[in-house]
Structures are given as structure tokens and as C-alpha cells.
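See structure below.
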Amino acid sequence: MVVVVVVVVLIVVVVLLLPLLLVVVVVVVVVVVVVVEVVGVVVVGDLSLSACPKPRLCNLSCVCEKLCRAVAFTLCTLEVVVVVVVVVVVVVVVVVAAIVVVATALIEEEV
Numbered sequence: 008m009v010v011v012v013v014v015v016v017l018i019v020v021v022v023l024l025l026p027l028l029l030v031v032v033v034v035v036v037v038v039v040v041v042v043v044e045v046v047g048v049v050v051v052g053d054l055s056l057s058a059c060p061k062p063r064l065c066n067l068s069c070v071c072e073k074l075c076r077a078v079a080f081t082l083c084t085l086e087v088v089v090v091v092v093v094v095v096v097v098v099v100v101v102v103v104a105a106i107v108v109v110a111t112a113l114i115e116e117e118v
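Heads up, the sequence shown is in this note's numbering, so the first residue is 8 and it goes up one at a time.
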């Protein structure tokens, strides 16, 4: 009976806390991106932009190339955030499914 209670509590904690953790991670990443863009840290900007090629519009000799690069960097970073969120959600679903399967097996053994 104790095993059943522990497994149920574990499922509740995982289901309730992981979405909250996910929201916190997304908010932190967005805040970091905004701070990097506002402060204009050259190293981070260059590293990120080298991983994300500039859009063709930035190749035009436009007056606002810095703005153009900042937008490209932000969009690329948001794409990365979306990928991370999708991966985390998939992992959470798999973990919860595994816990439910184990819990069901343990409950059946108890009965």
C-alpha cells in the first residue's frame, strides 16, 4: 500500500512541477535573449549569429543592419527555445507514461 501512495505522489509531483519548471526555463531564456540584445554583448551575439546565418535582407546595405541582426538573432534563439520546449515535453510525456506503467504493475502486484 505504501508503494502505491509513493507512486501516486510521484506522479502528481511530476505532472504539476514539470510544466511549472518548463515555464520558468522559457521565461529565463527569453529574459536572457532580451538582456543580450539590449546590452549588445558582442561575443554572445557573434557566436549566436555565426550559428544562425543572417537573412538575405541583412546583406542589403541597410542603415539598420544592427537591428536586422538583432531580429535574426532573436528569431533564431526563439527557434532554439521551441525545439528545447518540444524535447522537454516529449521527455516529460515519456517519463510520466513510464511511471504510470510501473505504478499500474505495482498496484496489480499489491492486489
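Cβ coordinates follow ideal geometry from the N, Cα and C atoms, glycine included.
For this session: Using a threshold of 9 Å, state whether the C-beta atoms of V95 and L29 are closer than that.
Result: Pairing V95 with L29 gives a Cβ-Cβ distance under 9 Å.
Exercise. For the putative contact between I18 and A110, defined by C-beta atoms under 8 Å, what is the C-beta separation to the nearest angstrom?
Worked result: Cβ atoms of I18 and A110 come within 8 Å of each other, at about 7 Å.
9 Å Cβ cutoff met for V102 and V21:
In contact: V102 and V21 (Cβ atoms closer than 9 Å).
- Query: On the premise that V88 lies in contact with V36, defined as a C-beta separation below 8 Å, what is that separation, rounded to the nearest angstrom?
  - Reply: Sure, about 5 Å apart at Cβ, within 8 Å.
One question on the structure: do V26 and V99 come within less than 9 Å of each other, judged by their Cβ atoms?
Checking the displayed sequence, the identity of residue 26 turns out to be Pro instead of Val. Yes, the pair counts as a contact, with Cβ atoms nearer than the cut-off.
Would you kindly check if the distance between the Cβ of V14 and the Cβ of I114 is under 9 Å?
With respect to V14, I114 sits close: the two C-beta atoms are nearer than 9 Å.
Taking the straight line between their C-alpha atoms, what separation do you get for V31 and A105?
Whole-angstrom Cα-Cα distance: 24 Å.
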